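J.: Start counting the sequence shown at 1; every next residue gets the next number (UniProt numbering).
Okay, here's the structure, questions in a sec.
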Amino acid sequence: MTDCSDTLDISIVVPAFNERETLAALVAGVRASLQPVPGRTWEILFIDDGSQDGSWDEMTRLAAEDGSVHAIRMRRNFGKAMALSVGFRAARGRTIVTMDADLQDDPQEIPRFLDKLEEGYDLVSGWKERRQDPLDKTLPSRLFNAVTSKVSGVKLRDFNCGFKAYRAGVVRNIRLYGELHRYIPVLAHAQGFRIGEIPVQHHPRRFGVSKYGLERYVRGLLDLLTVVALTRYSTRPGHLFGGIGVALGLVSAAVLAWLTGVWLFTDNAIGHRPLLSFGVMTGVIAVQLVCFGMLAELIVAKGELVDPACLVAETSRNEPPGDS
1 MTDCSDTLDI SIVVPAFNER ETLAALVAGV RASLQPVPGR TWEILFIDDG
51 SQDGSWDEMT RLAAEDGSVH AIRMRRNFGK AMALSVGFRA ARGRTIVTMD
101 ADLQDDPQEI PRFLDKLEEG YDLVSGWKER RQDPLDKTLP SRLFNAVTSK
151 VSGVKLRDFN CGFKAYRAGV VRNIRLYGEL HRYIPVLAHA QGFRIGEIPV
201 QHHPRRFGVS KYGLERYVRG LLDLLTVVAL TRYSTRPGHL FGGIGVALGL
251 VSAAVLAWLT GVWLFTDNAI GHRPLLSFGV MTGVIAVQLV CFGMLAELIV
301 AKGELVDPAC LVAETSRNEP PGDS
C-alpha cells in the first residue's frame with residue numbers, strides 16, 4: 001500500500017530496459033511480499049531506460065491500476081547507473097530496495113534484506129550463490145568480483161548483484177555515472193557506511209535476453225580505477241600524482257647517474273644514446289606530475305568535496321548533524 005505523505009517506509013526502485021513481459025509479475029510478487037505487514041507503506045518505482053518494446057505502456061497501465069506503482073521514463077537509454085540515480089532521487093522511502101526487472105531476483109526475499117538492515121547495516125547486498133547463467137557469464141563474473149574485492153578492500157562476493165537494500169541516507173550521498181552502479185558498496189564503504197551481504201536465489205531468465213556482454217567487465221575494471229581514485233585520493237590527490245612523480249624521478253635519476261658514470265670513467269659517448277633521452281624525458285614528466293599533484297591539492301583545499309555533515313552517524317544534540 002501507499003499513502004499521500006512525503007515519506008514512505010520502503011521504495012522499490014526497478015530500472016528496466018525492454019522488460020515488458022515481466023513487469024506485471026514483478027508487481028504481483030512485490031505486493032505479495034510486502035502486504036502481510038499491516039501499516040507498512042511502500043511504492044514501486046519503475047525507471048524506463050529507453051525501452052522500445054512497449055515497457056512504458058505496460059508501466060503506465062500498472063500505475064493506473066495500482067497507486068503504489070509509479071513510473072519514470074528517460075529520454076533514451078542512458079544505462080543502469082543513470083537510471084538508478086533518477087530512481088534514488090525520486091524515491092520517498094526511508095529504506096530503498098533495488099532489483100532487476102527480469103524476474104531473476106525473487107521479490108519474496110525483500111523481507112530478508114529488511115531484517116538484515118535491522119542488524120545495524122546501512123547497505124545490504126545480495127549474493128547470487130547459485131547463479132543461473134551460462135558459464136561464459138559466471139566465470140568472468142567470479143574473476144571480476146575477486147579482483148574488485150581485493151583492490152577495494154570491501155569483502156563482498158557479488159558486486160554485480162542488483163538486488164540490494166539501502167538506508168535512504170546512503171544513496172542520497174552517492175553520485176553515479178558510467179558503470180559505477182556496481183561499485184555502490186565501495187563508494188558507501190568509503191564514507192563509513194556499514195555493508196552487509198546475504199545469499200539470494202537466482203532464477204533463470206524467463207523472458208527476453210541479457211542486455212550485458214563481456215565488454216561490461218572491461219568497462220567495469222576501468223571504472224574500478226576511477227573508484228579507487230575517488231575513494232582513496234579524492235581528498236589527497238597530491239599523494240597519487242606526487243607518488244607517481246617521485247617514482248619516475250627516481251628512475252630518471254638512476255638512469256642519468258649511470259650515464260654520467262659512463263661518460264666520466266669511460267671513453268664512450270652518451271649524447272647519441274636513446275637512454276639519455278629516456279632519462280631526461282622521464283625526469284621532465286616526474287616534475288610535471290609533482291606540480292600537477294600540488295595544483296590538485298590547492299584545488300581540493302579551496303572547496304570540500306564532501307559535506308562533513310554527511311559523514312556524521314549520530315549526535316547527542318537535538319538538532320540534526322550539520323545544523324548550527
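Using N, Cα and C, we set each Cβ at its ideal position, and we do this for glycine too.
Just so you know, these numbers come straight off a predicted model, no measurement behind them.
Which runs of the beta strand (DSSP E), 3 residues or longer, sit entirely within the region 193-278?
T.: Fully enclosed beta strand (DSSP E) runs of 3 or longer: 195-200.
J.: Check the C-beta distance from F159 over to G126 and give it rounded, since I have them as a contact under 8 Å.
T.: Along the sequence shown, read from residue 1 onward, the residue named residue 159 stands at position 159. Along the sequence shown, read from residue 1 onward, the residue named residue 126 stands at position 126. In fact, because the Cβ distance is near 11 Å, the residues do not count as touching under 8 Å.
J.: Please state whether the Cβ-Cβ distance between E43 and S85 is less than 9 Å.
T.: Locating residue 43 in the sequence shown gives position 43, where the first residue counts as 1. Locating residue 85 in the sequence shown gives position 85, where the first residue counts as 1. Their beta carbons are not under 9 Å apart, which means E43 does not touch S85 by this criterion.
J.: For L34 versus S152, is the C-beta spacing smaller than 9 Å?
T.: Working through the sequence shown from its first residue, we reach residue 34 at position 34. Working through the sequence shown from its first residue, we reach residue 152 at position 152. For L34 and S152, no; Cβs fall outside 9 Å.
J.: Are L62 and V14 close, meaning C-beta to C-beta below 9 Å?
T.: Residue numbering aside, residue 62 sits at position 62 when the sequence shown is read from its first letter. Residue numbering aside, residue 14 sits at position 14 when the sequence shown is read from its first letter. It is not a contact, given that the beta carbons lie outside the stated cut-off.
J.: If you drop the 5 nearest sequence neighbours on each side, which residues of the same chain put their C-beta closer than 6 Å to that of E297?
T.: As a first step, residue 297 must be located in the sequence shown, where it is residue number 297. Cβ within range, chain order: G238.
J.: Which class does Y166 belong to by DSSP, given the choice of helix, strand or coil?
T.: For the purposes of this step, residue 166 is taken as the residue at position 166 of the sequence shown. Strand.
J.: Mind pulling the alpha helix (DSSP H) runs of 4 or more residues that sit fully within the region 113-186?
T.: 135-152, 168-172
J.: Whose C-alpha, out of T282, T22, L289, is nearest the C-alpha of L103?
T.: As a working mapping, residue 103 is identified with position 103 in the sequence shown. The option with the nearest alpha carbon to L103 is T22.
J.: Under 9 Å between C-beta atoms, does A81 make it to chain D?
T.: The structure shown contains no chain D; it holds only a single protein chain.
J.: Mind checking S277: buried by the 16 CB within 10 Å criterion, or exposed?
T.: Taking the sequence shown and counting its residues from 1, the one referred to as residue 277 is at position 277. The residue is exposed, with fewer than 16 neighbouring Cβ atoms inside 10 Å.
J.: Comparing alpha-carbon positions, which option in V280, T260, R232 lies nearest G249?
T.: Against the sequence shown, residue 249 aligns to sequence position 249. For the residues V280, T260, R232, the minimum Cα distance to G249 belongs to V280.
J.: Would you report the Cα separation of Y177 and Q108, rounded to the nearest angstrom?
T.: In the sequence shown, the residue the question calls residue 177 occupies position 177. In the sequence shown, the residue the question calls residue 108 occupies position 108. Each residue's alpha carbon lies about 30 Å from the other.
J.: For E129, count the other beta carbons within 10 Å of its own beta carbon; 16 or more makes it buried, fewer makes it exposed. Which is it?
T.: Residue mapping note: residue 129 aligns to position 129 of the sequence shown, counting from 1. It is exposed - the Cβ of E129 has fewer than 16 other Cβ atoms within 10 Å.
J.: Are three or more beta carbon pairs between the region 110-126 and the region 194-209 nearer than 8 Å?
T.: Short answer: they touch.
J.: Kindly indicate which residue of A83, T7, A229, R206 has the alpha-carbon position closest to the one of L50.
T.: Numbered from 1 along the sequence shown, position 50 holds the residue referred to as residue 50. Contrary to the premise, residue 50 reads as Gly rather than Leu in this sequence. Per the Cα distances, A83.
J.: Excluding the 5 residues flanking W258 on each side, which residues of the same chain have their C-beta closer than 6 Å to its C-beta?
T.: Position 258 of the sequence shown, counting from 1, holds the residue named residue 258. Once the five neighbours on either side are set aside, W258 has no close Cβ partner at all.
J.: From the DSSP output, which residues share a beta bridge with P107?
T.: Translated into positions along the sequence shown, residue 107 becomes position 107. Bridge pairing for P107: absent [DSSP].
J.: State the start and end residues of the unbroken alpha helix (DSSP H) segment that holds D57.
T.: As a position in the sequence shown, residue 57 is number 57, starting the count at 1. Counting along the chain, the alpha helix (DSSP H) containing D57 begins and ends at 55-65.
J.: Thinking C-beta only, is L230 closer than 9 Å to A165?
T.: For this step, residue 165 is matched to residue 165 along the sequence shown. For this step, residue 230 is matched to residue 230 along the sequence shown. One thing to note: A165 has its Cβ no nearer than 9 Å to the Cβ of L230.
J.: In chain order, what residues of the same chain lie with their CB nearer than 8 Å to the CB of T60, ignoring the 5 residues before and after it?
T.: What you label residue 60 is simply residue 60 of the sequence shown in a count that begins at 1. So the qualifying residues of the chain are A71.
J.: Are the beta-carbon atoms belonging to F241 and I174 less than 9 Å from one another?
T.: Locating residue 241 in the sequence shown gives position 241, counting from the first residue. Locating residue 174 in the sequence shown gives position 174, counting from the first residue. In this structure, F241 sits away from I174, with a CB-CB distance that is not shorter than 9 Å.
J.: Do E19 and A101 have their C-beta atoms closer together than 9 Å?
T.: Taking the first residue of the sequence shown as 1, we reach residue 19 at position 19. Taking the first residue of the sequence shown as 1, we reach residue 101 at position 101. Result yes, Cβ atoms of E19 and A101 sit closer than 9 Å.
J.: Leaving aside the five residues before and after F265 along the sequence, list all residues of the same chain whose C-beta is less than 8 Å from its C-beta, in chain order.
T.: The residue given as residue 265 occupies position 265 in the sequence shown. Nothing meets the Cβ criterion.
J.: Use the C-beta contact count for A254: other C-beta atoms within 10 angstroms, 16 or more gives buried, fewer gives exposed.
T.: Translated into positions along the sequence shown, residue 254 becomes position 254. Exposed.
J.: Express the C-alpha separation of S55 and D48 in angstroms, rounding to a whole number.
T.: In the sequence shown, residue 48 corresponds to position 48, counting from 1. In the sequence shown, residue 55 corresponds to position 55, counting from 1. Whole-angstrom Cα-Cα distance: 7 Å.
J.: Using the C-alpha atoms, what's the distance from Y183 back to V30?
T.: As a working note, residue 30 is residue 30 in the sequence shown. As a working note, residue 183 is residue 183 in the sequence shown. For V30 and Y183, the distance between alpha carbons rounds to 25 Å.
J.: Less than 6 Å between C-beta atoms, sequence neighbours within five positions excluded: which residues of the same chain meet that for R167?
T.: Position 167 of the sequence shown, counting from 1, holds the residue named residue 167. D122, listed in sequence order.
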